[in-house]
Amino acid sequence: MPHHRRMNTTTSHSALPALPAAVCACEASPPHYLDSQQSLATRDALDVRVRQLIPCALVAQIWLLLFDADDVQMPLMMPIGELPHRPEHGFHGALALLHEEYGAASFVFVHERPGPGVLSVDDAAWLRALLEVPADAGYRVRAAYVAHDEGVGGFVDRGAVGVGRAVPAVRPGCGACRK
370 MPHHRRMNTT TSHSALPALP AAVCACEASP PHYLDSQQSL ATRDALDVRV
420 RQLIPCALVA QIWLLLFDAD DVQMPLMMPI GELPHRPEHG FHGALALLHE
470 EYGAASFVFV HERPGPGVLS VDDAAWLRAL LEVPADAGYR VRAAYVAHDE
520 GVGGFVDRGA VGVGRAVPAV RPGCGACRK
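Residue 370 is where the sequence shown starts when you use this note's numbering, and the numbers rise one by one after that.
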């Protein structure tokens, strides 16, 4: 008869991965979880959410985030990959469909691309195309962010987009105290 060795196993809490440190020590610090019902009506709140979702670039793609009429992020986040260097056409047909089908009132784009935090000719072309919305669209594009090797930053105005311009940094912290 074979002898089976009985194994004693214990679980050590020290073997578990450490939780990330708090982003900000103040009471207004964003939670480590995403509050799916939180209104993201302010630019600071939107900056924090985008940084939570896509803190830096890994691959070249565009993310599309949908928001309802109360500025609550809808539970759909769409990656769009295999992009040409420069946009050949806008996304307004797709945005109009998402507006009609899902009731999305606004959209946020995140142009994720590895590289430095300075806008290239291609970056500027993409951002301008993403921020362009027909006046009678019935929806709005709130911002277009760039996620790069060093972080993420956003633009709300096509006129602020320029080749060679540094991507404005989304500051770490809570957005309220800017610690």
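Cβ atoms here follow ideal geometry from the backbone N, Cα and C, with glycine treated the same way. None of these values were measured; they are calculated from a predicted model.
Could you pull out every residue in the same chain whose Cβ sits closer than 7 Å to the Cβ of Ala-529, ignoring the five residues on either side in sequence?
none
Closest by CA to Val-539, which one among Leu-422, Gln-406 and Ile-449? Leu-422
Exercise for the section: Could you check the C-alpha separation between Ala-493 and Leu-434 for me, to the nearest Å? Expected result: 20 Å
- Query: If you count every other CB in all the chains shown that lies within 10 Å of the CB of His-517, and 16 or more means buried, which is it?
  - Reply: buried
What does the alpha-carbon distance come out to for the pair Ala-506 and Pro-483?
32 Å
Pairwise C-alpha distance: Gln-430 and Phe-524: 17 Å
Exercise. Do Glu-470 and Val-515 come within 9 Å of each other at the CB atom, strictly closer than that value?
Worked result: no
Quiz item: For Gly-450, does the count of other Cβ atoms within 10 angstroms reach 16, so buried, or fall short, so exposed?
Solution: exposed
Quick one: using the 10 Å Cβ neighbour count with 16 as the cut-off for buried, is His-454 buried or exposed? exposed
* Based on the DSSP secondary-structure assignment, which residues constitute the bridge partners of Ala-512? -> Val-477
Please return the same chain residues whose Cβ sits closer than 6 Å to the Cβ of Ala-390, not counting the five positions on each side in sequence.
With a pLDDT of 34 at Ala-390, under the threshold of 50, the modelled position of this residue cannot be trusted, and the question is left open.
**Message:** DSSP three-state label for Leu-499, please.
**Reply:** helix
Hey, could you find the ends of the alpha helix (DSSP H) Gly-533 is sitting in?
Segment: none, Gly-533 is in no alpha helix (DSSP H) and carries neither H nor E.
**Request:** Run through the stretch 427-471 for me and flag every whole beta strand (DSSP E) of 3 or more residues, listed as ranges in chain order.
**Result:** 430-436 and 442-449
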